[in-house]
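There are 2 protein chains.
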Amino acid sequence: MKELRKPKAPAAEPDGQTEQRILDAAHAVFLRRGTAGARMQDIAAEAGVNQALLHYYFRSKARLSEAVFRHAAAQLLPTVIHVMASDEELEQKVAHVVTLELDHLSRTPYLPGYIISELTHHPERLRQLLSAVTGMTPEDIRPRVITTLRRQLSAAARAGTMRPIEPEQFMVNLMSLCIFPFAARPMLEALLGMNDRGFEQFIDRRRKELAPFFLRALRP
Amino acid sequence: MKELRKPKAPAAEPDGQTEQRILDAAHAVFLRRGTAGARMQDIAAEAGVNQALLHYYFRSKARLSEAVFRHAAAQLLPTVIHVMASDEELEQKVAHVVTLELDHLSRTPYLPGYIISELTHHPERLRQLLSAVTGMTPEDIRPRVITTLRRQLSAAARAGTMRPIEPEQFMVNLMSLCIFPFAARPMLEALLGMNDRGFEQFIDRRRKELAPFFLRALRP
DNA sequence: GTCTATATGTTGATAGAC
DNA sequence: GTCTATCAACATATAGAC
Chain A
174 MKELRKPKAP AAEPDGQTEQ RILDAAHAVF LRRGTAGARM QDIAAEAGVN QALLHYYFRS
234 KARLSEAVFR HAAAQLLPTV IHVMASDEEL EQKVAHVVTL ELDHLSRTPY LPGYIISELT
294 HHPERLRQLL SAVTGMTPED IRPRVITTLR RQLSAAARAG TMRPIEPEQF MVNLMSLCIF
354 PFAARPMLEA LLGMNDRGFE QFIDRRRKEL APFFLRALRP
Chain Y
174 MKELRKPKAP AAEPDGQTEQ RILDAAHAVF LRRGTAGARM QDIAAEAGVN QALLHYYFRS
234 KARLSEAVFR HAAAQLLPTV IHVMASDEEL EQKVAHVVTL ELDHLSRTPY LPGYIISELT
294 HHPERLRQLL SAVTGMTPED IRPRVITTLR RQLSAAARAG TMRPIEPEQF MVNLMSLCIF
354 PFAARPMLEA LLGMNDRGFE QFIDRRRKEL APFFLRALRP
């Protein structure tokens, strides 16, 4: 009898773990409205369940929002970190990051704005960010990435193939060029008179031009 | 008798227009907490007045938040737009934007995160952004900036002093490199293991290196 | 596990004295 | 213009039936 299911939610998988449905709905609503602006009722509706069920699975809005933030944070940074800390060639790294980031961010429009918004307005989110990130790679993340980059960059500088640049500036420059356009997308669309289609074309051109642009800036 | 003032707020200018005090307080609170997260009570306290007074001067939270957003929006963009639309040399423009933006954003830490957050979570803010921006320069802003840039960029490309690049990519690249580090400041500090002092030093180095970095990327 | 109904707490907004 | 006191609305959270 346990397996008997009555279809309650009009538009949702007949079965499918409810907890996951709630998490997905919460993800959608929190990213679009922000933690402070999101309403539990909206999440319940989006998940096709009742509001009480949200509290049954997650105890409070705070806990639910934390689960969502962790998941989101784990989606934004590990890509860059993983590639940067690898031992690929520098030129490859740049191309690699550009491709992965632009592809990924094209598919998750609200992600950068959400992360920036949360960290700006809720400083306590910082430790959750760190645990979400370091959760994926047990080592202390900072030294690993920076050390690897520093070694490669100074080797290239000694070899005369690249201008000297600090690893921090290198990394922030690359992240800025990849992430900012998505974080500021509404503003840029307005400022440059683009619609969504135009923005996608804009990003398409970026896919080809960004890595060469960045690497030229590093030529000696 | 009208000029007689009783000092109500413990820490605030003895006189000074109350409306302005409220606006300043609202600015501080809204930028730090976001519109949805800000509380009228907190604004009142920050202004050293009672909550009822907020409704006396501004009718509702919505109106107050709109006034703040307009003011903030008018602070972030006009600098770049004004310089970009001027007829300075391109190299000068880049250096000019870098200097102005880094200086300004160093003094208004929450500004970029706030604007991004608002536009991400409240799409209706877009028209307010536009009216705030075009409010400063009556002409339609988009053609003016882009047209000027396009002319200069293709002239430089023809002269062989610069690689061909679309004005939109030029502008977004420059804005990304200037603004993103401030928008993502908490994240970057964590990621790179910097404290506030370290971040300021990081920006200081950027002041010198960013324009040359950017211009090298445009060398033929 | 999932629902309906309700309690509890916050918050924006108003009334009215001074 | 500025305050205190209060209202009305909403949002989160819980109780309890099924």
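If you read the protein sequences in the order shown, they are chains A and Y. Counting from 1, position 10 in the first sequence corresponds to residue 183 in this note's numbering; the numbering is continuous, with no gaps. Counting from 1, position 209 in the second sequence corresponds to residue 382 in this note's numbering; the numbering is continuous, with no gaps. We treat Cβ as the ideally placed atom computed from N, Cα and C, and that holds for glycine.
Residue nearest to residue i in terms of C-alpha spacing, selected from the options
i, options, result
"L290 (chain A)", "A:A245, A:G366, A:R280", "Here residue 290 (chain A) turns out to be Ser, not Leu, going by the sequence shown. Checking every option, the nearest Cα to that of S290 (chain A) belongs to A:A245."
"L364 (chain A)", "Y:A211, Y:H228, Y:L302, Y:T293", "Y:L302"
"G333 (chain Y)", "Y:R380, Y:H277, Y:A211, Y:L391", "Y:L391"
"E382 (chain Y)", "A:E274, A:K381, A:Q342, A:A329", "A:Q342"
"L326 (chain A)", "A:L388, A:Y230, A:A225", "A:L388"
"L249 (chain A)", "A:I288, A:Y229, A:V241", "A:I288"
"D276 (chain Y)", "Y:L196, Y:I352, Y:S304", "Y:I352"
"P285 (chain Y)", "Y:L322, Y:T320, Y:R331, Y:A247", "Y:A247"
"F386 (chain A)", "Y:I338, Y:P316, Y:A330, Y:R300", "Y:I338"
"L227 (chain A)", "A:R194, A:P251, A:E362", "A:R194"
"T320 (chain A)", "A:P340, A:R331, A:E373", "A:P340"
"A329 (chain Y)", "Y:P393, Y:A357, Y:E373, Y:L361", "Y:P393"
Rounded separation between residue i and residue j - CA only
i, j, result
"H269 (chain Y)", "A217 (chain A)", "50 Å"
"S259 (chain A)", "R336 (chain A)", "21 Å"
"G371 (chain A)", "N223 (chain Y)", "48 Å"
"D377 (chain A)", "T272 (chain A)", "10 Å"
"E261 (chain A)", "D313 (chain A)", "20 Å"
"L384 (chain A)", "K266 (chain A)", "For the record, residue 384 (chain A) in the displayed sequence is Ala; it is not Leu. If you take the alpha carbons of A384 (chain A) and K266 (chain A), they lie about 9 Å apart."
"A305 (chain A)", "L263 (chain Y)", "43 Å"
"N368 (chain Y)", "L196 (chain Y)", "30 Å"
"E297 (chain Y)", "A235 (chain Y)", "12 Å"
"L322 (chain Y)", "R380 (chain Y)", "23 Å"
"A198 (chain A)", "L292 (chain A)", "21 Å"
"N346 (chain A)", "N346 (chain Y)", "10 Å"
"E373 (chain A)", "Y229 (chain Y)", "46 Å"
"P187 (chain A)", "E219 (chain A)", "The predicted model places P187 (chain A) with a pLDDT of 49, which falls under 50 and marks its position as unreliable, so this point remains unresolved."
"L361 (chain Y)", "R324 (chain Y)", "36 Å"
"G366 (chain A)", "R331 (chain A)", "45 Å"
"A357 (chain A)", "S233 (chain A)", "31 Å"
Sequence-distant residues of its chain with Cβ nearer than 8 Å to residue i (five each side left out)
i, result
"Q190 (chain A)", "none"
"R315 (chain Y)", "none"
"D215 (chain A)", "V202, R206"
Inter-residue CB distance, residue i and residue j (contact presumed, cutoff 8 Å)
i, j, result
"M344 (chain Y)", "M257 (chain Y)", "6 Å"
"T208 (chain A)", "S238 (chain A)", "5 Å"
"V318 (chain A)", "I254 (chain A)", "6 Å"
"A225 (chain A)", "F231 (chain A)", "The pair is not a contact, with the Cβ atoms about 12 Å apart (cut-off 8 Å)."
"F375 (chain Y)", "L278 (chain Y)", "Actually they are not in contact, since the Cβ atoms of F375 (chain Y) and L278 (chain Y) sit about 13 Å apart, beyond 8 Å."
"H200 (chain Y)", "G210 (chain A)", "Going by Cβ atoms, the distance from H200 (chain Y) to G210 (chain A) rounds to 19 Å, so no, they are not a contact pair."
"P359 (chain Y)", "L299 (chain A)", "6 Å"
Residues near residue i by beta carbon distance below 7 Å, same chain, minus five either side
i, result
"M348 (chain A)", "V253"
"R243 (chain Y)", "Q301, A305"
"L177 (chain A)", "Caution applies to L177 (chain A), whose pLDDT of 33 falls short of 50 and renders its modelled position unreliable; the value that the coordinates give is listed next. There are no such residues."
Spatial neighbours of residue i in its chain, beta-carbon cut-off 6 Å, leaving aside the 5 residues before and after
i, result
"L204 (chain A)", "Y283, Y287"
"R206 (chain Y)", "none"
"E192 (chain Y)", "Y230"
"E274 (chain A)", "C351"
Members of the region 357 to 370 of chain A that neighbour chain Y once the beta carbon cut-off is set at 9 Å:
A357, R358, P359, M360, L361, E362, A363, L364, L365, G366, M367
Closer than 8 Å, Cβ to Cβ, to anything on chain Y: give me those residues from the region 333 to 348 of chain A, in chain order.
R336, I338, E339, E341, Q342, M344, V345, N346, M348
When Cβ atoms are compared, which residues of the region 289 to 300 of chain A fall closer than 7 Å to chain Y?
Cβ contacts with chain Y come from I289, S290, L292, T293, H294, P296, L299.
Identify each residue in the region 212 to 240 of chain A for which the Cβ-Cβ distance to at least one residue of chain Y is less than 7 Å, and report them in chain order.
none
Give, in chain order, every residue of the region 258 to 286 of chain A whose Cβ lies closer than 7 Å to some Cβ of chain Y.
Y283, G286
What residues in the region 188 to 212 of chain A have a beta carbon less than 9 Å from any beta carbon of chain Y?
L204, R205, R206, G207, T208, A209, G210, A211
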